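Asks: Attaching a single structure in structure tokens format; questions to follow.
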Amino acid sequence: MQPETYKHYWEKGWAVEEGVFSREEADRIAQVALEISQEELSKDNDDYVVDKSNDGEIAPRKIDRPFLKSRQFQSFVMDKRLTKLVAELLGAPPLLSGDQIFMKPPQFGSAKPYHQDNFYFQCDPGDHVITAWIALDDVAKENGCLRYIDGSHKGPILPHEAVPGEPYNLVPPPELIDLQKESLALVKKGGVVFHHSQALHTSHRNESDRWRRGYATHWVTADVTSTKGTLDRAYFRREDYPA
Numbered sequence: 002m003q004p005e006t007y008k009h010y011w012e013k014g015w016a017v018e019e020g021v022f023s024r025e026e027a028d029r030i031a032q033v034a035l036e037i038s039q040e041e042l043s044k045d046n047d048d049y050v051v052d053k054s055n056d057g058e059i060a061p062r063k064i065d066r067p068f069l070k071s072r073q074f075q076s077f078v079m080d081k082r083l084t085k086l087v088a089e090l091l092g093a094p095p096l097l098s099g100d101q102i103f104m105k106p107p108q109f110g111s112a113k114p115y116h117q118d119n120f121y122f123q124c125d126p127g128d129h130v131i132t133a134w135i136a137l138d139d140v141a142k143e144n145g146c147l148r149y150i151d152g153s154h155k156g157p158i159l160p161h162e163a164v165p166g167e168p169y170n171l172v173p174p175p176e177l178i179d180l181q182k183e184s185l186a187l188v189k190k191g192g193v194v195f196h197h198s199q200a201l202h203t204s205h206r207n208e209s210d211r212w213r214r215g216y217a218t219h220w221v222t223a224d225v226t227s228t229k230g231t232l233d234r235a236y237f238r239r240e241d242y243p244a
């Protein structure tokens with residue numbers, strides 16, 4: 002890991018490391034994700050989430066727990082090029098807790114409002130919980146890059162309230178989010194954005210003509226506990242978890 006990446010992560014709560022995977026590797030995983038999305042489109046599957054437009058058009062939004070859906074995903078996220086970087090940031094061997102693939106189709110992918118992962122996870126210590134978000138496309142402002150509030154990981158877990166009309170989206174009161182400290186995490190295909198469990202982050206709608214797919218992996222260390230049962234279904238607790 003570049004020294005500046007490590008420093009930026011602990012100062013700002015997030016950091017980008019480019020070129021972790023090749024563009025060809027990212028393309029292959031993005032294609033597998035698209036194929037699985039298309040297969041699941043007609044099924045009643047809680048692990049597959051779609052966006053719906055006002056006229057009823059459907060597009061893939063998210064695949065939950067993709068690790069269980071393809072060996073290609075498993076070998077990808079357990080690659081030592083990634084786990085080594087996570088270990089450097091955590092200061093201990095990383096254990097994979099969960100994952101999602103966020104699709105954000107062209108001119109369609111919806112926004113995700115500001116939130117802190119650890120409001121949902123309820124894990125302790127928060128410093129030992131990290132998300133590694135792998136870019137499967139070139140990610141810029143126009144197609145819905147991640148945005149962070151610099152330094153927010155150093156503060157508390159804020160109260161989150163349901164967005165009117167969107168009970169699945171829980172967000173802190175706007176007066177607690179200092180947009181003057183907002184930064185954009187631009188990253189090339191194959192790069193990784195790392196963020197702390199308490200870093201405030203969001204992403205806007207995809208306004209471009211290209212995809213913005215990202216593979217989010219959530220990691221903890223062996224000493225992490227959760228008061229919410231977050232770790233009960235963690236991958237590292239499975240008998241078939243890779244050694």
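Residue numbering for the sequence shown follows the numbering used here, starting at 2 and increasing by one per position. Idealized CB from N, CA, C, for every residue including glycine. These numbers come from a predicted model, not from an experiment.
Could you give the first and the last residue of the continuous alpha helix (DSSP H) run that contains L83?
Replies: By 1-based counting over the sequence shown, the position of residue 83 is 82. Segment 81-91, the alpha helix (DSSP H) holding L83.
Asks: Using three-state DSSP, classify Y49 as helix, strand or coil.
Replies: In the sequence shown, residue 49 corresponds to position 48, counting from 1. Per-residue confidence for Y49 stands at a pLDDT of 44, beneath the threshold of 50, marking its modelled position as unreliable; the derived number appears in the next sentence. In this structure, Y49 counts as strand in the three-state DSSP scheme.
Asks: State buried or exposed for Q117, treating a residue as buried only when at least 16 other CB atoms are found within 10 Å of its CB.
Replies: One-based indexing of the sequence shown puts residue 117 at position 116. Looking at its Cβ environment, which holds 16 or more other Cβ atoms inside 10 Å, Q117 is buried.
Asks: W220 bridges to which residues according to DSSP?
Replies: The sequence position of residue 220 within the sequence shown is 219, counting from 1. Paired residue(s): L97, I131.
Asks: Pick helix, strand or coil for A200, following the three-state DSSP scheme.
Replies: In the sequence shown, residue 200 corresponds to position 199, counting from 1. The answer is coil: DSSP assigns A200 none of H, G, I, E or B.
Asks: Excluding sequence positions up to five away, which residues of its chain have a Cβ less than 6 Å from the Cβ of T222?
Replies: By one-based count along the sequence shown, residue 222 stands at place 221. Result list for T222: L91, A93, H129, in chain order.
Asks: Looking at I178 and N119, is the spacing between their C-beta atoms short of 8 Å?
Replies: Counted from its first residue, the sequence shown places residue 119 at position 118. Counted from its first residue, the sequence shown places residue 178 at position 177. No; because the gap between Cβ atoms is not below 8 Å, this pair is not in contact.
Asks: So Y236 and I135 are in contact, right, with Cβ under 8 Å, and what is the actual spacing, rounded?
Replies: On the sequence shown, residue 236 is found 235 positions in, with the first residue counted as 1. On the sequence shown, residue 135 is found 134 positions in, with the first residue counted as 1. The Cβ separation is near 16 Å, so there is no contact.
Asks: Count the other CB atoms within 10 Å of the CB of D233; is the residue buried (16 or more) or exposed (fewer)?
Replies: Along the sequence shown, read from residue 1 onward, the residue named residue 233 stands at position 232. With fewer than 16 Cβ atoms within 10 Å of its Cβ, D233 is classed as exposed.
Asks: On the three-pair Cβ rule with 8 Å, is the segment 144-162 touching the segment 194-210?
Replies: Yes, they touch.
Asks: Check whether the Cβ atoms of M2 and K63 sit closer than 8 Å, and answer yes or no.
Replies: Mapped onto the sequence shown, residue 2 falls at position 1. Mapped onto the sequence shown, residue 63 falls at position 62. In this structure, K63 does not lie closer than 8 Å to M2 by Cβ.
Asks: From the DSSP secondary-structure annotation, give me the bridge partner or partners of T226.
Replies: Translated into the one-based positions of the sequence shown, residue 226 becomes position 225. D125, per the DSSP bridge assignment.
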